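Undergrad: Just dropping this structure here.
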Amino acid sequence: MLLKLVIIALLLFIVFNLFRAGFIMLRNDPEQKQMSRFLGRRVFYSVLVLLILLLAMALGWITPNPRPY
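With the numbering used here applied, the sequence shown covers 4 to 72.
Shown next as structure tokens:
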């Protein structure tokens, strides 16, 4: 259960960083370094979520759904 909460929190943080970068992009601010920092964080946390999911599946902490057919 804790693993699922951590994954959900990371996904919400990813969406939050995506919107922050979008607002900076729309603001047309010359401080574009902040936008790339937020997008970079989003990519880093996306990779982290994928690695956590793969590790949890390999260790048997979570099981994928069976085939639907």
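In this text, a Cβ means the ideal position worked out from N, Cα and C, and glycines have one as well. It should be emphasised that the depicted structure is a prediction, and the values quoted were computed from it without experimental measurement.
Assuming the contact rule is C-beta atoms closer than 8 Å, Leu51 and Ala24 should be a hit. Round their C-beta distance to whole Å, please.
TA: The Cβ separation is near 18 Å, so there is no contact.
Undergrad: Could you check what DSSP says for Asn31 in three-state terms: helix, strand or coil?
TA: The answer is coil: DSSP assigns Asn31 none of H, G, I, E or B.
Undergrad: Within a Cβ cutoff of 7 Å, which residues of the same chain sit near Tyr48, ignoring the five residues on either side of it in sequence?
TA: Cβ within range, chain order: Leu13, Phe16, Ile17.
Undergrad: Just the Cα atoms here: how many angstroms apart are Pro71 and Ser39?
TA: If you take the alpha carbons of Pro71 and Ser39, they lie about 40 Å apart.
Undergrad: Tell me the rounded alpha-carbon separation between Asn68 and Asn31.
TA: Their Cα atoms are separated by approximately 44 Å.
Undergrad: Here's a check: name, in chain order, each residue in its chain whose Cβ is nearer than 7 Å to the Cβ of Val21, leaving out the five neighbours to either side.
TA: This sequence places Leu at residue 21; Val is not what is there. Arg45, listed in sequence order.
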